[in-house]
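J.: After the structure tokens below, expect a handful of questions from me.
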Amino acid sequence: MTSATSQTYQGHQAYQGHQTYQTSQQELFRFLEDRFACAQACTECARECALRAGLVEPGGTAQQELLRRKGIMCAEVCDATCRVLSEDNRLDEAGIRAQLEWCRTVCLECAHVFDKHPGAERSAAACRACAEACTEFMATLA
Numbered sequence: 484m485t486s487a488t489s490q491t492y493q494g495h496q497a498y499q500g501h502q503t504y505q506t507s508q509q510e511l512f513r514f515l516e517d518r519f520a521c522a523q524a525c526t527e528c529a530r531e532c533a534l535r536a537g538l539v540e541p542g543g544t545a546q547q548e549l550l551r552r553k554g555i556m557c558a559e560v561c562d563a564t565c566r567v568l569s570e571d572n573r574l575d576e577a578g579i580r581a582q583l584e585w586c587r588t589v590c591l592e593c594a595h596v597f598d599k600h601p602g603a604e605r606s607a608a609a610c611r612a613c614a615e616a617c618t619e620f621m622a623t624l625a
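Put into structure tokens, the structure is as follows:
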């Protein structure tokens with residue numbers, strides 16, 4: 484476990500109060516599994532959004548341009564969130580929570596835009612899965 488992950492988990496654990504060793508181990512495993520699942524969902528969403536945005540020619544209709552811009556923004560936010568979750572960073576729990584909330588919001592906005600374009604269903608589903616993974620991981624930080 485990285486030092487930042489350890490600090491975040493220890494802060495979470497201290498907030499939860501005294502617990503048995505077995506419970507603490509189970510919570511640690513859940514925390515790490517949820518963190519990893521969220522990072523994976525962010526990576527998949529970033530890939531899908533970048534791919535979808537790359538299929539739209541610049542200078543298209545206003546709806547196509549919106550899809551391209553939202554796809555690029557979502558890919559960048561998801562990539563940044565994945566880096567926050569997978570690298571040894573110095574963000575505290577509040578910083579991680581803010582990054583997750585930002586990612587969740589951008590993913591849901593992007594999914595809404597993708598819903599209006601035939602052929603973008605897979606990308607919209609990846610965005611929703613990422614938003615759900617962010618929500619689930621935030622619950623472990625509560």
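Using our numbering, the first residue of the sequence shown is number 484, and each one after it goes up by one. Yeah, the Cβ is synthetic: ideal placement off N, Cα and C, and Gly gets one too. Please read all numbers here as calculations on a predicted model, not as lab measurements.
What residue range does the alpha helix (DSSP H) around Arg587 cover?
T.: For the purposes of this step, residue 587 is identified with residue 104 of the sequence shown, where counting begins at 1. Arg587 -> alpha helix (DSSP H) spans 576-598.
J.: Note down, in chain order, each residue of its chain lying with its Cβ closer than 8 Å to the Cβ of Glu540, except the 5 sequence neighbours on either side.
T.: Counting from 1 along the sequence shown, the entry for residue 540 is found at position 57. Correct list, in chain order: Gln547.
J.: Kindly indicate which three-state DSSP category Val539 falls into: helix, strand or coil?
T.: Position 56 of the sequence shown, counted from the first residue, corresponds to residue 539. It is coil, neither helix nor strand.
J.: What's the gap between the Cα of Ala487 and the Cα of Ile579?
T.: For this step, residue 487 is matched to residue 4 along the sequence shown. For this step, residue 579 is matched to residue 96 along the sequence shown. Per-residue confidence for Ala487 stands at a pLDDT of 45, beneath the threshold of 50, marking its modelled position as unreliable; the derived number appears in the next sentence. Roughly 11 Å between the two C-alpha positions.
J.: Under 7 Å Cβ to Cβ from Ala607, same chain only, skipping five residues before and after it: list those, please.
T.: For this step, residue 607 is matched to residue 124 along the sequence shown. Result list for Ala607: Ala594, Phe597, Asp598, in chain order.
J.: With C-beta atoms as the reference, is Cys528 less than 8 Å away from Cys590?
T.: Position 45 of the sequence shown, counting from 1, holds the residue named residue 528. Position 107 of the sequence shown, counting from 1, holds the residue named residue 590. Yes, Cβ-Cβ distance for Cys528 and Cys590 is below 8 Å.
J.: May I ask which residues mark the beginning and end of the alpha helix (DSSP H) holding Glu559?
T.: On the sequence shown, position 76 is the one that residue 559 refers to. Note, Glu559: alpha helix (DSSP H), 545-569.
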